[in-house]
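To start, the structure itself, in C-alpha cells.
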Amino acid sequence: MKNFILIATLSIFLTNCKGDDNVIAAENEIFEILAAGAFAGDNITTTSQNSVITAQSDWNSLVSLLATEHHDLSGTTINFNQENIVFVRDEPRPDGKYAIVVDKVLYTSTEVQFYINKIVNNAGHHMPIQPFCIAKISKTNLPVNFY
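For the numbering used here, count along the sequence shown from 1 and bump the result up by 713.
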C-alpha cells in the first residue's frame with residue numbers, strides 16, 4: 714500500500730511539473746530603419762504616438778509630413794502585402810539632445826514586441842523637438858506593443 718501511495722504521488726508530481734508551460738517563444742525579427750530624426754516647429758504634437766501603417770494612403774501622408782522636415786522617403790516603395798511600417802513619435806522635448814532608436818523587434822505567438830531606446834546626449838539644438846523613428850517590419854496581423 715505504501716508503494717502505491719508513493720508511486721501515485723510521484724506520478725502526479727512529475728506530470729504536473731512541466732518546465733515550459735509558461736514559456737513564450739520569441740523570435741528576433743529583422744527590421745529596417747527607414748528614417749529617424751526629430752520634428753520641429755508646427756510639426757510637434759502634444760503627445761507621443763506609436764502606430765502601425767498598413768495602407769498606402771497612410772504611408773503617403775507620412776511621407777508628405779516627413780518631406781516638410783527634409784526627410785525624403787518618396788522613393789521608398791513599400792509592399793503592404795508583405796510589410797508593415799511602424800511609426801514611433803516620442804513625446805515633445807525641450808531641446809535637441811533627445812533621440813529614439815529601435816533596439817529590437819521580437820515576434821511571439823501573441824504579439825510583436827517593439828523595443829524603443831530613448832537616448833539623451835549633451836549635444837543638440839536649443840529649440841523644442843519631437844524625436845521620431847520609422848521602421849519596416851514583416852507583415853503581421855498580431856498586435857504590436859511598444860516597450
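Here a beta-carbon is modelled for each residue, glycine too, at the ideal position from N, C-alpha and C. These figures come from a predicted structure and were not determined experimentally.
- When S851, N854, K831 are compared against Q843, the one with the closest alpha-carbon: As a first step, residue 843 is located in the sequence shown; it is residue number 130 there, counting from the start. The candidate whose alpha carbon is nearest that of Q843 is K831.
- Task: Please classify L747: does DSSP put it in a helix, a strand, or coil?
- Result: Position 34 of the sequence shown, counted from the start, is the residue given in the question as residue 747. Three-state result, L747: strand.
- From this set, T823, Y828, Y820, P807, which residue's C-alpha is nearest I847's C-alpha? Counting from 1 along the sequence shown, the entry for residue 847 is found at position 134. Nearest C-alpha to I847: Y828.
- Just tell me which of S787, F800, L779 has its CA closest to the CA of G754. Within the sequence shown, the letter at position 41 stands for residue 754. That would be L779, whose Cα lies nearest to the Cα of G754.
- Query: Three-state secondary structure (DSSP) at A780?
  - Reply: In the sequence shown, counting from the first residue as 1, residue 780 sits at position 67. In this structure, A780 counts as helix in the three-state DSSP scheme.
- Got a sec, what are the start and stop residues for the beta strand (DSSP E) Y811 sits in? In the sequence shown, counting from the first residue as 1, residue 811 sits at position 98. Where Y811 is concerned, the enclosing beta strand (DSSP E) stretches over 811 to 820.
- Task: Taking F744 and F845 to be in contact with their CB atoms under 8 Å, please state how far apart those CB atoms are, rounded to whole angstroms.
- Result: Within the sequence shown, residue 744 is the residue found at index 31, counting from 1. Within the sequence shown, residue 845 is the residue found at index 132, counting from 1. Wrong, their Cβ atoms sit about 15 Å apart, outside the cutoff.
- Since I believe E824 is in contact with P856 (beta carbons under 8 Å), could you give me their beta-carbon distance rounded to a whole number of angstroms? The sequence position of residue 856 within the sequence shown is 143, counting from 1. The sequence position of residue 824 within the sequence shown is 111, counting from 1. Rounded, the Cβ-Cβ distance is 5 Å, consistent with contact.
- Have a look at I813 and A749 and give me their C-alpha separation to the nearest angstrom. Within the sequence shown, the letter at position 100 stands for residue 813. Within the sequence shown, the letter at position 36 stands for residue 749. Taking the straight line from one Cα to the other gives about 8 Å.
- Sequence-distant residues of the same chain with beta carbon closer than 6 Å to E742, five excluded per side: Numbered from 1 along the sequence shown, position 29 holds the residue referred to as residue 742. Answer for E742: V818, Y820, listed in chain order.
- Item | Contact set for V833: own chain, Cβ-Cβ below 7 Å, skip 5 residues either direction | As a working note, residue 833 is residue 120 in the sequence shown. Around V833: K810, Y811.
- Message: In whole angstroms, give me the CA-to-CA distance for I798 and K849.
- Response: Along the sequence shown, one-based indexing puts residue 798 at 85. Along the sequence shown, one-based indexing puts residue 849 at 136. Taking the straight line joining both Cα atoms gives about 5 Å.
- Message: Considering only their Cβ atoms, is the gap separating R802 from Q762 smaller than 7 Å?
- Response: Locating residue 762 in the sequence shown gives position 49, where the first residue counts as 1. Locating residue 802 in the sequence shown gives position 89, where the first residue counts as 1. Their beta carbons are under 7 Å apart, which means Q762 touches R802 by this criterion.
- The beta strand (DSSP E) enclosing N854, as first and last residue numbers: One-based indexing of the sequence shown puts residue 854 at position 141. Per DSSP, N854 belongs to no beta strand (DSSP E) and is neither H nor E.
- Task: Can you give me the start and stop residues for the beta strand (DSSP E) that Q826 sits inside?
- Result: By 1-based counting over the sequence shown, the position of residue 826 is 113. Counting along the chain, the beta strand (DSSP E) containing Q826 begins and ends at 825 to 833.
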